[in-house]
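Per the numbering used here, the very first residue in the sequence shown carries number 1100; after that it's consecutive. From the three backbone atoms N, C-alpha and C, an ideal C-beta is built for every residue, glycine too. For reference, the structure is listed below as structure tokens.
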Amino acid sequence: MFSKILKYCILSIAIFLWLQAYSPLIYKSTGLFPDDYRFGDLYRLSYLSDFKEKASKCPTIKSEYSEQNVNLFIIGDSFTEAERVNINDFNVGNYTYTHWAKQADIQLDTNKRNILILETVERTAKDHFSQKAENFKIENKNSQEVKNQQSWKQKLKENVTDLVKFIFPKGIEERLEHTLFNYDFFLHFREVKAQLNHHIFGRVEHKVVLSKDEKHIFYSEEADSTNEHSAFYPVSQEEIDKFVLNINETREAYLKAGFDEVYLSVIPNKVSILSPELGKYNHLIERIETDKRLQIPIIDTYKDFKKSPDKIYLKSDTHWSCAGRDIWLEKVNKIIKKKPTE
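Here is the structure:
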């Protein structure tokens, strides 16, 4: 009898672990598992209790009016993912977002004003602008008919691909680790270990970097001068020329495809605003945005962020605070409200 109970217990635990490890959807949506980003992505990497801050949801700043005649599209990164920015924050009739790592088929209503924003954080700007962006594929009546007429082999291939992604999703080991050790009880022990390493041995997790006064924490990818994504990694003029060319070509292609306006928005790295003295800042954002050959209008946040640096980013995270986010949203909604002829 006891052996049967033990077997059922082991089976239940195995099913529990399988569900969270193999299904990101279940892991995120059921509420059975603690959110491993609940105290910030930088705390998640370092477990330094000095940078442990509970994430809070930002209030919407959408005004009472709404430009129903405007459709807003964003190709963006984690700064504009649904957890941080969504349709409730924009004064538009329709809103469509896709990540830089994905592609989406869309249709444009030519009777409405279609606005596209290319949003990226500074550290990945070089990756995104090393070629022309094609994340939104514009569908028309003919292309939709062709899609509907796909052969059974093409449809089978797509279905098999989707099934494989469902059965073998990415990040299994990481989710399994965080299910086992991400409860508050275990976090305490991780914090003790991190504090000992920091204060006794002068070491922190290699994926993070502390400011000189140790008041701020940064992602090493943006703060380590040996990393090509860093704000302190040299960027040649030849690279700037290529980025500007690809941005211009992206804008031109989407204007020809039917968009009325295309904007560029490069969000500064946290380290670029709070600790540019950690290295020789490459001024990537300014060099792109002030280039005389750049043809795309800019949603500039760098200057505004520099005015009140301590309020812009979350203490335990790489992303912006509600104050930083609101600065960006106000600029976007101002564009939406502005008439095309203005």
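| Alpha carbon to alpha carbon, how far is glutamate 1244 from tyrosine 1353? | Here glutamate 1244 scores only 49 on pLDDT, less than 50, and its place in the model should not be relied on; the value that follows carries that caveat. Between glutamate 1244 and tyrosine 1353, the C-alpha separation is close to 22 Å.
| Straight-line CA distance for isoleucine 1205 to lysine 1236? | Roughly 6 Å between the two C-alpha positions.
| proline 1133 beta carbon less than 8 Å from that of tyrosine 1282 | Yes. Within cutoff.
| task | Closer than 8 Å by C-beta to lysine 1410: which residues in its own chain qualify, once you throw out the five before and the five after it? Chain order, please. | result | These residues qualify, in order along the chain: Ser1420, Ala1422 and Gly1423.
| task | Please name the residue, chosen from Val1220, Lys1225, Ile1104 and Gln1167, that lies closest to aspartate 1208 on a Cα-to-Cα basis. | result | It is Gln1167.
| message | Closer than 8 Å is the cut-off here; do at least three beta carbon pairs connect the segment 1183-1203 with the segment 1328-1335? | response | Three or more beta-carbon pairs separated by less than 8 Å are not found between the segment 1183-1203 and the segment 1328-1335, which leaves the two stretches without contact.
| said: Let me check one thing: in DSSP terms, what residues is phenylalanine 1317 bridge-paired to? | reply: Looking at the DSSP assignment, phenylalanine 1317 forms a beta bridge with Val1308.
| message | For the pair the segment 1319-1328 and the segment 1168-1178, tell me if three or more CB-CB distances fall below 8 Å. | response | At 8 Å Cβ cutoff, the stretches do not touch.
| task | Going by DSSP, name the residue or residues bridged to tryptophan 1419. | result | Bridge partners of tryptophan 1419: Tyr1412.
| Residue environment, glutamate 1321, which counts as buried when at least 16 other CB atoms sit within 10 Å | Buried, by the Cβ-count rule.
| task | Please determine, among Arg1222, Asn1213, Phe1172 and His1198, the residue with the shortest C-alpha to C-alpha distance to isoleucine 1384. | result | Of Arg1222, Asn1213, Phe1172 and His1198, the residue nearest in Cα terms is Arg1222.
| task | Starting from phenylalanine 1235, follow its DSSP beta bridges and name the residues at the other end. | result | For phenylalanine 1235, which the question treats as bridged, DSSP gives the partners Ala1203.
| request: Leaving out five residues on either side along the sequence, give the residues of the same chain with a beta carbon under 7 Å from the beta carbon of aspartate 1140. | output: Asp1416 and Thr1417.
| Endpoints, alpha helix (DSSP H) assigned at leucine 1215 | Where leucine 1215 is concerned, there is no enclosing alpha helix (DSSP H), although the beta strand (DSSP E) it sits in stretches over 1212-1220.
| query | Which residues in the same chain have their Cβ closer than 6 Å to the Cβ of tryptophan 1427, if we skip the five residues on either side of it in sequence? | reply | Cβ neighbours of tryptophan 1427 beyond the five flanking positions: Thr1400.
| request: List the endpoints of the continuous alpha helix (DSSP H) containing valine 1365. | output: Not the alpha helix (DSSP H): valine 1365 falls in the beta strand (DSSP E), residues 1360-1366.
| request: Sort out for me which residues DSSP pairs histidine 1198 with in a bridge. | output: Histidine 1198 pairs with Gly1175.
| field | lysine 1306 versus Leu1110, Ile1366, Arg1137 and Leu1147, residue with shortest Cα-Cα distance | value | Of the candidates Leu1110, Ile1366, Arg1137 and Leu1147, the one whose C-alpha sits nearest the C-alpha of lysine 1306 is Leu1147.
| Any idea which residues DSSP pairs isoleucine 1395 with across the strands? | Isoleucine 1395 is bridged by DSSP to nothing; it lacks a bridge partner.
| field | glycine 1091 versus leucine 1215: straight-line alpha-carbon distance, rounded | value | Here the chain covers residues 1100 to 1441 and nothing more, so residue 1091 does not appear.
| task | Determine the DSSP secondary structure at glutamine 1230, reduced to helix, strand or coil. | result | Glutamine 1230: coil per DSSP, three-state reduction.
| For valine 1191, three-class secondary structure by DSSP | Note: valine 1191 maps to strand in three-state DSSP.
| said: Just to check my reading of the structure: phenylalanine 1317 and serine 1374 have Cβ atoms closer than 8 Å, yes? What is that Cβ distance to the nearest angstrom? | reply: About 7 Å separates the two Cβ atoms, so the contact holds.
| Is isoleucine 1316 near the ligand FMN, going by C-beta to nearest heavy atom under 7 Å? | With respect to the ligand FMN, the structure shown offers nothing to examine, as it has no ligands at all.
| field | Enclosing alpha helix (DSSP H) for glutamine 1339 [first to last residue] | value | One detail in the question is off: residue 1339 reads as isoleucine in this sequence, not glutamine. 1336-1356 is the extent of the alpha helix (DSSP H) around isoleucine 1339.
| task | Give the range of the alpha helix (DSSP H) segment to which phenylalanine 1284 is assigned. | result | Unbroken alpha helix (DSSP H) run through phenylalanine 1284: 1283-1298.
| message | Measuring only the C-alpha atoms, how far is leucine 1309 from alanine 1154? | response | For leucine 1309 and alanine 1154, the distance between alpha carbons rounds to 20 Å.
| request: Give the straight-line distance between the Cα atoms of valine 1169 and tyrosine 1136, rounded to the nearest whole angstrom. | output: Rounded to whole angstroms, valine 1169 to tyrosine 1136 spans 34 Å at the Cα level.
| The alpha helix (DSSP H) enclosing phenylalanine 1404, as first and last residue numbers | Where phenylalanine 1404 is concerned, the enclosing alpha helix (DSSP H) starts and stops at 1401-1406.
| query | Taking the alpha helix (DSSP H) that tyrosine 1136 falls in, what are its first and last residues? | reply | Neither: tyrosine 1136 is in no alpha helix (DSSP H) and is coded neither H nor E.
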